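These notes concern the structure reproduced below.
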Amino acid sequence: METIYALSSAAGRAGVAVIRLSGPSSRETVIRLTGKTPPASHRAVLRRFRDGGDGAAIDRGLLLWFEGPSSFTGEDVAEFHLHGGRAVVAAMLTALASLDGLRAAEPGEFTRRAFENGKLDLTSVEGLADIINADTEAQRRQALRQMEGALGLLYEDWRHRLIRLLAYAEAEIDFPDEDLPDSLLQKLRPEIESLASQIQTHLDDGRRGERLRDGVEVVILGPPNVGKSSLMNALAGRDVAIVSAEAGTTRDIVDVWLDLGGVPVTLADTAGLREADGAIEQEGVRRALARAEKADLRIVVAAPLETGGVAGDFALAQEGDLRVWNKMDLAPCPEAGVLPLSAASGQGIEAFLAALTARVSFVYEASEHPMITRARHREGLMDCRSFLARVSAGLATDALPELIAEDLRLAARALGRITGRVDVEDLLDVVFRDFCIGK
Ligand code: GDP
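First residue of the sequence shown? That's 1055 in the working numbering, and the numbers climb one at a time after it.
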């Protein structure tokens, strides 16, 4: 096993920079760079770091030592806390590169070693990637929970239950002539059904965990000139969309990212929905409709026309859409159940923002249960559920215990692939793709 190193803190000038080292040559490397043996495990000491070749001093800082297996990766790990200057970091990395048996770490390689040494299951690995990528409070909380193993424990608990049931089925195979209680296999039925229903409930989560992780998609829809771009700007608090009195200026989709009460929201301002003139505008309208299709929430905007009459039609609004009457300064809203506002003056924006926040907060409404956060989890759970359905069908028709056992084994395996407890070599590159160097 090679020893790897990387800058684990962000690149660029900073108060402190952390370089991490993991692998069998860690101790030897510390001796080469500090002239002293490392301190006791989990202790920090102040040391002078010097180039292993010419012995010239590089910097003075903290050295932390974690002796394997009680370390993040499970190997011997050292952390050098240096002054975060570019030249300091560069000199230290050069000094490390010049030592034999050491190489720069690949993105996510420390965490991969932690996984391979059984320190983390795959869902915790994903939680770790998520906590590094979390932008909002709700995302951070969800990521922390997953990193600490909530999801992994749930799936492992289910998997162990399946393995226990499998033992019954195998007893039936191994001792067919023994005086085993008559309906040993039939006794599995209630347990299988209860497990299948728990998995189903877990799957029927409205994709809240995935939406919280990826961001809730909201689109603003309405005909040209009702003030969609103005509304978006008022929400974003900065000029992100082109506001113009000329119809059809928002030809493409403009996205802004908002943190609404801890929920990440991607807000898309779309091309006005009307008969498009040019080819470009037509494309804009096509994209707007496509985007609206897959959005989690749609805001439908209408407004009074300066010439009298109304631009926009709430009849087009579907159930669940948030309906907005803009330009309330020009004319009062003609309908009930619509939020009146003026994007230009800001009147009504607070109430609208509160309504919008309430609508997106469903993604993290306090739940005691950990959420599915990736398509990968969902696929594994759906596989497991299908195998359990086959087990139930097999039990109902007195199928051979061998067949029932095989389906139970496959069901357990589907869960094991989520946590990484069974062979998952093919999955690892996908899971570790989200990582940066130094983690
Ligand atoms: P979009 O085509 O729907 O994106 O509309 P824009 O945001 O580009 O706005 C169209 C026109 O309506 C612009 O001239 C805006 O200044 C104007 N406008 C937007 N909001 C208001 C408002 O609340 N009151 C009034 N009187 N005019 C507004």
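Here a beta-carbon is modelled for each residue, glycine too, at the ideal position from N, C-alpha and C. These numbers come from a predicted model, not from an experiment.
- In this structure the stretch 1309 to 1328 does not touch the stretch 1390 to 1399; the number of beta carbon pairs closer than 8 Å is below three.
- In this model, Leu1410 and Arg1432 are separated by some 28 Å (Cα to Cα).
- Boundaries of the beta strand (DSSP E) harbouring Asp1113: 1111 to 1120, taken from the DSSP string.
- With a threshold of 7 Å, the Cβ atom of Asp1367 does not count as near the ligand GDP, since no heavy atom of the ligand is closer than that.
- Classified as buried, Ile1353 has 16 or more neighbouring CB atoms from the shown chains inside 10 Å of its CB.
- Counting only residues of its own chain and dropping the five nearest sequence neighbours on each side, Asp1105 has a CB closer than 7 Å to the CB of Ile1112, Ala1149.
- Leu1249 sits in a helix when the DSSP states are folded into three classes.
- Judged by their CB atoms, Val1317 and Leu1266 are nearer to each other than the 8 Å cut-off.
- The beta carbon of Lys1493 sits no closer than 7 Å to any heavy atom of the ligand GDP.
- Shown here, Leu1266 sits in a helix according to DSSP, grouped into three states.
- Listed in chain order, the beta strand (DSSP E) elements of length 3 or more contained wholly in the stretch 1411 to 1487 amount to none.
- Pairing Leu1275 with Leu1343, the inter-Cα distance amounts to about 9 Å.
- Assignment of alpha helix (DSSP H) within the stretch 1160 to 1242, counting only whole runs of 4 or more residues, yields 1163 to 1170, 1176 to 1187, 1191 to 1201, 1204 to 1228 in chain order.
- Distance from the CA atom of Ala1158 to the CA atom of Leu1435, rounded to whole angstroms, is 37 Å.
- At a cut-off of 7 Å, the beta-carbon of Ala1398 counts as near the ligand GDP: some heavy atom of the ligand is closer than that.
- DSSP places Arg1261 in the coil class of the three-state scheme, outside both helix and strand.
- Residue burial is scored here from C-beta neighbours: Leu1469 has at least 16 other C-beta atoms within 10 angstroms and is therefore classed as buried.
- Restricting attention to Val1378, Ala1385, Asp1383, Pro1093, the CA atom closest to the CA of Ala1405 is found in Val1378.
- A distance criterion of 7 Å places the beta-carbon of Val1310 beyond contact range of the ligand GDP, judged by its closest non-hydrogen atom.
- When secondary structure is reduced to three states using DSSP, Ala1408 falls in the helix class.
- 8 Å or more divides the Cβ of Glu1180 from the Cβ of Arg1413.
- Counting along the chain, Thr1088 sits inside the alpha helix (DSSP H) bounded by residues 1080 to 1088.
- Between the ligand GDP and the CB of Val1143, the shortest heavy atom gap is not smaller than 7 Å.
- Cβ contact annotation for Glu1389 (same chain, cutoff 7 Å, sequence separation greater than five): Phe1368, in chain order.
- Taking the CA atoms as reference points, Val1273 sits about 28 Å from Ala1183.
- Spanning the alpha carbons of Asn1187 and Ala1453 requires a straight line of approximately 48 Å.
- Residues Ser1446 of the same chain have their beta carbon placed closer than 8 Å to that of Glu1247, with the five preceding and five following residues left out of the count.
- Annotated as proximal: Thr1473 and Tyr1209, with beta-carbon spacing under 8 Å.
- Under the 8 Å Cβ criterion, the stretch 1211 to 1219 does not count as touching the stretch 1185 to 1200, having fewer than three qualifying pairs.
- Collapsing the DSSP output to three states places Ile1491 in coil.
- The stretch 1061 to 1068 makes no contact with the stretch 1116 to 1126: fewer than 3 CB pairs, one atom from each, lie closer than 8 Å.
- The bridge partners DSSP lists for Phe1134 are Ile1073, Leu1117.
- Within the DSSP secondary-structure output, Pro1394 pairs in a beta bridge with Trp1379.
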